[in-house]
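Count along the sequence shown from 1, add 3, and you get the number used in the working numbering.
Cβ atoms here follow ideal geometry from the backbone N, Cα and C, with glycine treated the same way.
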Amino acid sequence: MAQINIVNESTIQISVTLEDAKRMVQEAARDVKRYASDIVTIYEKMPFFDYTSFCFYAYDSAKLFEWVLGTDPREYHSFSLDAPDSFFYTLYGGVAALYDAAKESVKEQMLQA
Numbered sequence: 004m005a006q007i008n009i010v011n012e013s014t015i016q017i018s019v020t021l022e023d024a025k026r027m028v029q030e031a032a033r034d035v036k037r038y039a040s041d042i043v044t045i046y047e048k049m050p051f052f053d054y055t056s057f058c059f060y061a062y063d064s065a066k067l068f069e070w071v072l073g074t075d076p077r078e079y080h081s082f083s084l085d086a087p088d089s090f091f092y093t094l095y096g097g098v099a100a101l102y103d104a105a106k107e108s109v110k111e112q113m114l115q116a
């Protein structure tokens, strides 16, 4: 489970593992429609970060990340993330499997807006 270390009132350190990535993928698969935008963004943008330096907040794709943390890191002035490469590779592989369904869901949501 993700670990959050509160350094002080404005700073946290976050540690995630391979298991957290698996939980994120399982949650995304459970509700593709809800996480469609995150899935599409992570799949399309993560390669630009060499798969292992992805910033969920750079593209407003943090719903899954915040779900696994159980908190919103933006409530603090700064945070750091300690994650093994396996976290990012597993997350990418999982969202790749959900990409087509998520892309379709994003299109539907845009048509309804």
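Taking the Cβ atoms as the reference, Met27 lies roughly 5 Å from Leu67, within the contact range of under 8 Å. DSSP lists Gln6 and Asp85 as the bridge partner or partners of Ser18. The Cβ atoms of Thr55 and Asp88 lie closer than 7 Å to each other.
The Cβ-Cβ distance between Val19 and Ala116 does not fall below 7 Å.
When the Cα atoms are used, Lys110 and Glu69 turn out to be separated by approximately 24 Å. Scanning its chain for C-beta atoms nearer than 6 Å, with the 5 sequence neighbours on each side dropped, one finds no residue around Ala100.
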